[in-house]
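S.K.: I am attaching a structure below and will ask some questions about it afterwards.
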Amino acid sequence: MNESVRSAVRAAGDDAELMADVHASFKGGKPASPPKVIIDAMASGAAVLQSQQAMDEVRAQHKNLVGIEMESYAVFCAAEYAGNPQPLVLSLKSVCDFGDDKKSDDFHEYSVFTSSEFLRGLLMSDRVPIGY
Numbered sequence: 171m172n173e174s175v176r177s178a179v180r181a182a183g184d185d186a187e188l189m190a191d192v193h194a195s196f197k198g199g200k201p202a203s204p205p206k207v208i209i210d211a212m213a214s215g216a217a218v219l220q221s222q223q224a225m226d227e228v229r230a231q232h233k234n235l236v237g238i239e240m241e242s243y244a245v246f247c248a249a250e251y252a253g254n255p256q257p258l259v260l261s262l263k264s265v266c267d268f269g270d271d272k273k274s275d276d277f278h279e280y281s282v283f284t285s286s287e288f289l290r291g292l293l294m295s296d297r298v299p300i301g302y
């Protein structure tokens, strides 16, 4: 991730007021505490992993891994091979399950909401450098 974008996301994630507002503005079922922003390694691929064994195998290969998902790969790949000016890329995701046998859709709506509201807050702030 571009360092300017990373810094902007980190600053927005550290903004307790923004995170509390994102949490409070969702009117459905939600966890007791506001979401947290974590910036770290995420594995992305073309297939859904729904078994604990498959996820453990991926984690064993990448010690700092905080997430496994399948949607971001194509976006990052397209940006990598785009012409100039090369687009900046951000994958912003809320965790709604852990991809194990307990996977459910209980917090799916909340996760979609928190991702989009955090992005809105980030873009409406003065944190994202002009021109991005």
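Read in the working numbering, the sequence shown has 195 at position 25, and its numbers run on one by one without any break. Don't be surprised by glycine CBs; every beta carbon is placed ideally from N, CA and C. Remember, predicted model here, so these are calculated numbers, not experimental data.
Hey, residue 207 and residue 179 are a contact pair by Cβ (cut 8 Å); roughly how many whole angstroms apart?
M.R.: 7 Å
S.K.: Provide the residue span of the alpha helix (DSSP H) that contains residue 249, from first to last.
M.R.: 242 to 250
S.K.: Would you kindly report the start and end of the unbroken beta strand (DSSP E) that includes residue 235?
M.R.: 235 to 239
S.K.: Evaluate residue 302 with the Cβ neighbour count: other Cβ atoms within 10 Å of its Cβ, from every protein chain shown; 16 or more gives buried, anything less gives exposed.
M.R.: Residue placement at residue 302 is poorly supported in this model, since its pLDDT is 49, which falls under 50; the coordinates are not used for a value here.
S.K.: Under three-state DSSP, which class holds residue 214?
M.R.: Three-state result, residue 214: strand.
S.K.: How should residue 189 be labelled, buried or exposed, when 16 other C-beta atoms within 10 angstroms of its C-beta is the threshold for buried?
M.R.: buried
S.K.: Under three-state DSSP, which class holds residue 178?
M.R.: helix
S.K.: Where does residue 196 sit, in a helix, a strand or coil, going by DSSP?
M.R.: coil
S.K.: Just to check my reading of the structure: residue 293 and residue 175 have Cβ atoms closer than 8 Å, yes? What is that Cβ distance to the nearest angstrom?
M.R.: Residue 293 to residue 175, Cβ: 11 Å. No contact.
S.K.: Please report the straight-line C-alpha distance between residue 238 and residue 209, rounded to a whole angstrom.
M.R.: Answer to the nearest angstrom: the Cα atoms are 13 Å apart.
S.K.: With H, G and I counted as helix, E and B as strand and the rest as coil, what does DSSP make of residue 278?
M.R.: Residue 278: helix per DSSP, three-state reduction.
S.K.: So what's residue 226 in DSSP terms, helix, strand or just coil?
M.R.: helix
S.K.: Pick helix, strand or coil for residue 296, following the three-state DSSP scheme.
M.R.: coil
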